[in-house]
Each structure stands twice: as structure tokens, then as C-alpha cells.
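The structure under discussion appears below in the form of C-alpha cells.
In this note's numbering, the protein residues as written are 216 to 700.
Written out as C-alpha cells, the structure reads:
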């Protein structure tokens, strides 16, 4: 067994111990990411039982929701990376100061984003090209999720802080519990009261019959409960970050922490905005293809995410391992963990791509009973399966670069690849090849993106010239009138 104290204490670490640490942090992170995407899978499969219009209402808003969720998630990274550096440098009190400021800053940002989302929600489905039979449900679905963004942001922040401290288990367990809660809430909120038979016994199962709104509400309720539990564990139970019983500290953001957070998060936020803007453009390209294409695209995106979310889990582990190694001033481990996590990500997602190819019919069967949607979804999923290995390289390498605070050029690489390769190819191929052309364009772009990320990783130009200790300076955080924790 191995633990992060080996990095923090400057002790020698063998390749075997590096591999053990990589696996120890990656497995819980993979489970956390899988549980997150399973919630979308649950929503899509349950709403799919309502018919093509219900599925299209959810699918139409997916890319816009990813934009709003991702903006809030990116902002929390600006603070969690700083915490990883400080914990790696054995400065837990400094880490707590960043945590306090992260809570207030991320809450303020998420409230602003929520107000913007609520303001545009009535017209957004129309702007995306939705037909009148889906726009009303789509608007309500989007509005419900956006209203809960502040709590979801705290869930992102709590999970990110715990992972920065090397605690992957608690976020994984809580996200798994969130999936179970989502199923239960959706079961009673989406469908109307109905008669079912269990072991030959007829039962009347109560239900609210809220349809698409019930799917959104059920997921939001599960996220709120999870966010409360996540923040409780972080602030009360996590040894190196808990605020309970500690000296008084201010939640007012200070210039050094905020400046560093902006430097880390701003490129990621801009990149995510442009990335999701590209996803919205894809939605606009797909919308004229009809309800079947919209629904098949939405279901296929959700099904495919079960394959690439393990890559994001390993990317989270890469951020923690590389970030703590950088904070401890151990350049050799920074490079070693980057290469090891990228290799693991490629291996895992290659296997997942093979599973996706052969299991595509079963996955679409779970999500919809409409045969045209199912058949088209299977076809595009099998196209995408071949891009998974190089997609893994871009995901995990990006996580490693974030660990040292290198976010600007990787962000440019991400959104440049999408806008220069995917969008033009999709626009050219969609009119003649339909949804198949859109997904071929996507697969080509993912392979290109993985190749340029591998090139940057091997070039080592992402490594900072100066050690982290020059940036991890004490924060002037004198007692104030803010609450003491």
C-alpha cells in the first residue's frame, strides 16, 4: 500500500508505489464519474418511456445544461488546485484559508450564472431550433436544473476539495448514493399512479405524473441532498481541511488567492464555454434533421459518456497526484504520474470502446423503445467507439496539466480542435449523411485532439520552470466579523 504522505514527506517512491497510488486514487474517481453520468442515463431511460417528444425535450437542452454546469465546475477547480498545492507543501492552514474563500467566491459566481440561466430559459429552446411540441417541456426542464446551480456548485467544490486532499472514497460513495436517490425520486415524480404486479401481487404505485419536469426535479433533489452531505464531511470530518474547531478565518476573498484562482480557472471556464457553445452548435445542426435524430443523438451522447467518464475519473486522480507532487517540489514525480495516468486512461478507455461497440444495441434498448431512434443510436455509437483511446489521452493529459496550473494552452487546444475540425466537418456532412455524418466528424476530431495532447505531454513544455513553493505564500487572513468555524 502507498499514500500521499510519501509525496508530501519527500520520501523515495518506487514505480510500483506510483502505480499503486495511481490505481488507489483512480478507482474511486472513476466510480464517482460513472455515478454522475448514470444519473443522466437514468433520466434519459425513464423519460424515453414517455415517447419521442419527451426524449427530444431532454436531448434539446443537454448541451446548454453542460455549459452551465461546466462553468460552475471550472470555477471550483481554480480553488481546489491551490488546495492540492498547499497540502502537497504541508501547509494545511493555508489550504483552509483557500477553502473558505473558495466557498464564498463559488457561491457568488453560481448565483450570477443562475440568474442569467433563468432569464433566458423561456426562449432558449426556440433559439436552439426546437419545434413547438417540445419547447415547453424543454424550457421547464432547463429552468429546474438552473435554479439548483448554487447547490450543485457546492457539490462540485466539496468533491474537488476532498479529491485534492486525496480522499476519493467519500465523493464516490456520495455520488453513488445520489444515483440511487435519483432513481427513487424519478420513479415517483415522472410517472402517474399506476398498477404494478410484484410476485403475483397487484399493487397501486403512487406517482405525481410530472413527466419531463419530474425527471429534472428528481435529479435536482438528489443533488441537493448530496451537496449537503459532501460539504458536511468536508467542513466537519476531513482531517486536513475541516473548519470545525479551527481558529477564526475570513470568507472574504483576498487578492492573491482570487488572482491565482482566476489564472487557473479563467482559461478552463472560457474553454468550457466555447466547447459547450460548439455542442450547442451541434444541436443546431442536428435539430433540422427531425425529432428522431435529436432523440437518437441525445441518447447516444448519454450512452457514450459511460465509456469516457472513467477517463475523467483518472483525469481527476492525475490532477491530485501531479498537483501534490508539484506542491512538494518533486518534478520527477510530476512527469512520472502524468505518463502513468495517461497510459492507464488509454488502456481503460480502449477496453470501454470495445464494450461500447458490442453492447450498443443493449444500451439503446434500455433507453428507448422507439425502433428508429434505437437503430440510429446504435449506428452512431459504433462509429464513436473507435475514437475512445485517443479521447482518453486528451482527457487525462488535460487533468495532469491542470495539476500544475497549466490551463491556458490546453484550453486553446481543446476549443480550437472542436471549432476548427468538428464543427466545419459536421456542418458539411450533416446535410448529406444526416446524424451519421455528425458523429463521423466527432470521431475524427477526438482522434486529432488526442494526438495534439500526446505531443504536448511528450514535449514537457507544460512543466513550470519554477517550483510551486514560489507561489504558495502565506495568505493575509486576519480575524474578522465573519462566522468562526
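We put the CB at the ideal spot given by N, CA and C, even for glycine.
Item	Value
Same chain, Cβ closer than 6 Å to residue 536, five either side skipped, listed in chain order	552
Rounded straight-line distance, which links the Cα of residue 345 to that of residue 277	13 Å
Burial state of residue 545 (16 or more Cβ within 10 Å)	buried
Residue 674 classed as buried or exposed, judged by whether at least 16 other C-beta atoms fall within 10 angstroms	exposed
Residue 630 versus residue 624: straight-line alpha-carbon distance, rounded	10 Å
Cβ-based neighbour list, residue 697, same chain, cut-off 6 Å, excluding 5 preceding and 5 following	Low confidence applies to residue 697: its pLDDT is 38, below 50, so where it sits in the model is not reliable enough to give any reading.
DSSP-derived helix/strand/coil call for residue 423	strand
Inter-residue spacing [alpha-carbon to alpha-carbon] between residue 228 and residue 305	18 Å
C-alpha gap between residue 231 and residue 555, whole angstroms	11 Å
Inter-stretch contact at 8 Å, needing at least 3 Cβ pairs: the stretch 555-568 / the stretch 603-619	yes
Cβ-based burial, residue 688 [other Cβ within 10 Å; buried from 16]	Confidence in residue 688 is poor, its pLDDT being 44 and thus under 50, which makes the residue's placement unreliable; the coordinate value appears in the next sentence. By the 10 Å Cβ count, residue 688 comes out exposed.
Helix, strand or coil at residue 587 [DSSP, three-state]	helix
C-alpha distance - residue 447 paired with residue 283, whole-angstrom precision	25 Å
Whether residue 359 touches residue 435 by CB criterion (7 Å)	yes
Burial state of residue 326 (16 or more Cβ within 10 Å)	exposed
Continuous alpha helix (DSSP H) assignments of at least 4 residues falling wholly in the stretch 620-671	623-632, 638-648
Contact under 7 Å by Cβ, residue 302 with residue 376	no
Residue 659 versus residue 636: straight-line alpha-carbon distance, rounded	8 Å
Cα-Cα separation, residue 495 to residue 515	16 Å
Classification of residue 399 by the beta-carbon crowding that lies within 10 angstroms, buried from 16 upward	exposed
Check: residue 482 C-beta below 6 Å from any heavy atom of the ligand NAD	The ligand NAD is absent from the structure shown, which contains no ligands of any kind.
Segment contact flag, the stretch 365-379 with the stretch 527-543, C-beta cutoff 8 Å, min 3 pairs	yes
Runs of alpha helix (DSSP H) wholly within the stretch 327-369 (minimum 4 residues, chain order)	339-342, 347-362
Straight-line Cα distance separating residue 357 from residue 328	13 Å
Stretch pair the stretch 594-606 + the stretch 452-466: three plus CB contacts closer than 8 Å	no
Beta-carbon separation (whole angstroms), residue 370 vs residue 445, contact threshold 8 Å	5 Å
Proximity of residue 666 and residue 640 at Cβ, strictly below 7 Å	no
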